[in-house]
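For reference, the structure is listed below as structure tokens.
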Amino acid sequence: MRIFMTDVKQISNQGEIIRFDSHYLPDCRSEYFEPEYWQQQNAVIGSALGRGTTHFIKAGMHELVLRHYCRGGLMSKVLSDQYLYLGISSTRAYQEFKLLKRINELGLPAPTPVAYRIIKKGMYYQADLITLKIANANDVHHILQTRSLTQQEWEKIGETIALFHQQQIFHHDLNIHNIMLDNQSKAWLIDFDKCAVKGGNTWKQKNLDRLLRSLNKEKVKFANYHFQASDWQMLLDGYSKI
């Protein structure tokens with residue numbers, strides 16, 4: 001696992017700031033953050049809908065994830081993808097990229113950050129992030145629509161969350177959509193927008209409560225959702241092992 005910040009290069013040009021890991025992208029141009037560019041290269045291998053559209057891209061030896069930062073909630077009606085600019089270190093892309101670097105240093109299972117772009121427009125900015133795609137993995141929400149998880153899988157999810165909590169990594173939106181399992185039954189956490197290193201312990205139970213609410217919410221929405229109370233206990237058993 002690579003952790004060297006010296007591989008991070010910066011390009012600045014007319015209100016645009018790009019930072020990228022040169023190990024994965026020897027160079028990085030503005031068009032790399034535009035889905036249309038990759039579509040013209042026939043390099044888009046998939047997409048997923050969330051607050052915006054996330055694109056999966058084949059770039060040389062690497063499969064990448066390109067995400068444009070978009071707002072949720074009421075503010076999305078006014079400023080769908082614009083945020084108040086208070087300096088580069090206050091931008092969401094900078095903070096997520098930096099946190100993912102830290103998480104990778106700790107050896108925790110999360111996406112590897114590759115590049116981000118900030119475009120300043122007056123008082124506001126827009127942002128994009130590129131990470132490595134987690135190989136052979138599906139989000140647990142979609143898995144639960146087709147089958148039950150094994151005891152080992154539930155426990156592995158609990159263990160993984162506990163490892164993040166042990167390192168004081170607070171996941172702002174810990175829900176079942178943001179947990180993945182790969183074909184080796186390894187659990188991963190994704191989407192670290194607005195997440196942070198956070199002191200104390202009181203938030204950790206609230207983090208777990210949020211995940212349980214998301215599971216119960218999906219069980220109400222989907223008639224054949226493969227989740228029950230005993231599954232949650234298996235997750236907690238795994239969490240308690242760390």
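Counting from 1, one number per residue, gives the positions in the sequence shown under full-length UniProt numbering. For each residue, glycine too, the CB sits at the ideal point set by N, CA and C. None of the values given here were measured: they were computed from a predicted structure.
Pair within 8 Å by beta-carbon distance, residue i and residue j
i           : j           : result
residue 138 : residue 181 : yes
residue 212 : residue 130 : no
residue 116 : residue 85  : no
residue 118 : residue 17  : yes
residue 25  : residue 132 : no
residue 239 : residue 158 : yes
residue 162 : residue 69  : no
residue 168 : residue 140 : no
residue 83  : residue 37  : no
residue 27  : residue 7   : no
residue 154 : residue 81  : no
residue 222 : residue 152 : no
Heavy atom of the ligand NAD within 7 Å of residue i beta-carbon
i           : result
residue 196 : This structure does not include the ligand NAD; it has no bound ligands of any sort.
Identity of the residue in the options nearest residue i by Cα
i           : options              : result
residue 112 : 221, 23, 242 and 226 : 23
residue 19  : 161, 54, 197 and 89  : 89
residue 32  : 107, 49 and 114      : 114
residue 234 : 14, 52 and 149       : 149
residue 204 : 166, 30, 187 and 178 : 166
residue 87  : 98, 109 and 120      : 120
residue 55  : 61, 46 and 62        : 46
residue 104 : 164, 151 and 241     : 164
residue 62  : 135, 15 and 206      : 135
residue 195 : 224, 98, 14 and 13   : 98
Inter-residue Cα distance where the pair is residue i and residue j
i           : j           : result
residue 226 : residue 183 : 19 Å
residue 208 : residue 10  : 37 Å
residue 176 : residue 201 : 22 Å
residue 40  : residue 57  : 12 Å
residue 143 : residue 214 : 15 Å
residue 35  : residue 96  : 20 Å
residue 186 : residue 29  : 33 Å
residue 76  : residue 122 : Because the pLDDT at residue 76 is just 48, under 50, the model does not fix this residue reliably, and the value given afterwards should be weighed accordingly. Residue 76 and residue 122: Cα-Cα distance of roughly 19 Å.
residue 188 : residue 178 : 8 Å
residue 160 : residue 216 : 20 Å
residue 219 : residue 147 : 13 Å
residue 171 : residue 49  : 20 Å
residue 110 : residue 43  : 23 Å
residue 60  : residue 53  : 22 Å
residue 156 : residue 241 : 10 Å
residue 210 : residue 229 : 15 Å
residue 199 : residue 15  : 35 Å
residue 4   : residue 13  : With a pLDDT of 49 at residue 4, under the threshold of 50, the modelled position of this residue cannot be trusted; read the value that follows with caution. Whole-angstrom Cα-Cα distance: 25 Å.
residue 206 : residue 224 : 27 Å
Rounded Cβ spacing between residue i and residue j (contact assumed at less than 8 Å)
i           : j           : result
residue 92  : residue 173 : About 13 Å separates the two Cβ atoms, so there is no contact after all.
residue 102 : residue 72  : So it is not a contact: roughly 25 Å between Cβ atoms.
Within the stretch 110-165, note down every full alpha helix (DSSP H) run reaching 4 residues or more, in order along the chain.
Listed in chain order, the complete alpha helix (DSSP H) runs (minimum 4 residues) inside the stretch 110-165 are 140-144.
Quick one: complete beta strand (DSSP E) runs, 3+ long, within the stretch 37-111?
The beta strand (DSSP E) runs lying completely inside the stretch 37-111 and spanning 3 residues or more are 44-49, 53-59 and 62-68, given in chain order.
Could you name each continuous alpha helix (DSSP H) segment of 4 residues or more that falls completely within the stretch 186-228, going from the start of the chain to the end?
Here the runs fully enclosed are 202-221.
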